[in-house]
Amino acid sequence: MDAHEEPGTGAGMTTGMLARRLGISPTTLRSWDRRYGLGPATRVEGRHRRWTAEDVAMVREMCRLTAEGLPPAEAARAAKAQAGRTGAGHSPAAGAPPAGPPRPRPLATVGEPFSLVDAAPADVPPVADSRRLCRGLAQAAVRMDAEAVQEQITATVDAYGLMAAWEEVLVPTLRYVGRRWESSDDRYVEVEHLLSWHISTVLRHTYARATAQSGAAGTRQVLLACLPGELHTLPLEVLTAVLAERGLRVLMLGGSVPVEALEATVRRVAPAAVALWSQSRSTANLPLARHLAAIRWGIHGARTRSHVLLCGPGWGLRSDPELLRPFGLGDAVRITVSAGRPGDDASTAREEPAPESV
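Note that UniProt numbering has the sequence shown beginning at 1, numbered continuously upward.
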């Protein structure tokens, strides 16, 4: 019998246990139950609620769909349909056909901008004939020509640098493929996945090469992580690679990092800066960001803390005096590099965006 199960009930995970496992708050689970009927199918009178494996699978699907940008109500309907439930009573619909898997959404159409960038920074030279490069890369991806895709991405990065290649070629191509996917009944899902995988491959190679050549040993690290439920890592991967090229030590945790893991890492490594990525509003967690920014360490009288950056469109235009809100890849790089230099105040490095770039 599972360690979380109660004898004779067949249902064993408490709301708190489930919240910790999924990296969300118990309040969110109760709200989803109250608003959308996403609670345990079986309830025991006078006892704490217990979540079965089927209940957990349904809530996990809800987390996945909201992380991809679906509105909560729509995501709840899809999650309940997949679990065979309808309405608040969770009873299967009479005569209803079995629900298929929910339709995925392309990365490049989730949220406002797909990337950290709204406009190219002034210090990034324009890519000559970027439209031709985008068209060639998109055509290679549609042909499923993996060798050509890899060769073109690598050549563009080598010729123009990572930031310019990302902003003027890679992101526009991802957006183009995403629009084709949205308008073609999922015919191009494999194209977007192929393109994303090869972009990620080049970014990680760039990071590894920059790290091998860096002399940043001994400096404080920069921590990058996606919030719980957030699976879109490409924008943080490009920030990781660019920061490594700038000589910073970078600790990249990847997608959907649980709350406890984020807090434990901040306390363990005492990073100079923490960049938190949120692609959609459903994953933006301002209380968590404030909590991480409040963690202090060091000797009494000289205690310090991490600069916390709210990266990605999921944060909207939120501002907080204790947090930093970069509005572009160049802005995020400037803030983070400044935070990594002893004695610098990262808050003074942020440049306010022009009104049209917000």
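By construction, the Cβ of each residue, glycine as well, lies at the ideal position given by its N, Cα and C atoms.
The beta carbon of T156 is closer than 7 Å to those of L133, A165, V169 in its chain, skipping five residues each way along the sequence. Looking at R77, A83, A273, the one whose alpha-carbon comes closest to that of A53 is A83.
Shortest Cα-Cα distance from Y36 to any of T66, A76, R49, R21 involves A76. Beta-bridge analysis with DSSP links H193 to no other residue.
Boundaries for M13: no alpha helix (DSSP H) harbours it, and the DSSP string shows neither H nor E there. The distance from the Cβ of L292 to that of L262 is about 7 Å, consistent with a contact at the 8 Å cut-off.
Bounds of the alpha helix (DSSP H) holding L262 are 259-269. When the beta-carbon positions are compared, V250 and L231 stay at least 8 Å from each other. Closest in C-alpha terms to C311, from the list T304, D320, L324, R305, comes L324. Under the three-state reduction of DSSP output, H198 falls in the helix class. With contacts defined as CB atoms closer than 8 Å, V222 and P271 qualify as a contacting pair.
Bounds of the alpha helix (DSSP H) holding M163 are 162-165. Minimum Cα-Cα distance from T233 among the listed residues R20, T27, G255, D55 corresponds to G255. Of the residues Q279, A275, W297, the one whose Cα lies closest to the Cα of A289 is A275.
Close CB contacts of V142 within its chain, under the 7 Å cut and outside five residues either way in sequence, are with V191 (chain order).
According to the DSSP assignment, L292 belongs to no beta strand (DSSP E) but to the alpha helix (DSSP H) extending over 286-294. Boundaries of the beta strand (DSSP E) harbouring W277: 273-277, taken from the DSSP string. Secondary structure of T304 (DSSP, three-state): strand. Per DSSP, L239 is one residue of the alpha helix (DSSP H) stretching across 234-245. At a Cβ-Cβ threshold of 8 Å, L137 and Q152 count as neighbours. Taking 8 Å as the cut-off, the Cβ atoms of G23 and G314 do not count as close.
For V222, the beta-bridge partners assigned by DSSP are V250, A273. According to the DSSP secondary-structure assignment, C311 is paired through a beta bridge with W277.
DSSP places L324 in the strand class (E or B) of the three-state scheme. The continuous alpha helix (DSSP H) containing I335 extends over residues 329-339. Here M144 is exposed: its Cβ has fewer than 16 other Cβ atoms, across all protein chains shown, within 10 Å. For G136, the enclosing alpha helix (DSSP H) covers residues 130-142. P287 places its beta carbon 8 Å or farther from that of L309.
Here W51 is buried. Its C-beta has 16 or more other C-beta atoms within 10 Å.
Sixteen is the threshold: since fewer than 16 other Cβ atoms of the shown chains lie within 10 Å of the Cβ of A159, the residue is exposed. According to the DSSP secondary-structure assignment, W51 is paired through a beta bridge with M13. DSSP places D33 inside the alpha helix (DSSP H), whose first and last residues are 26-36.
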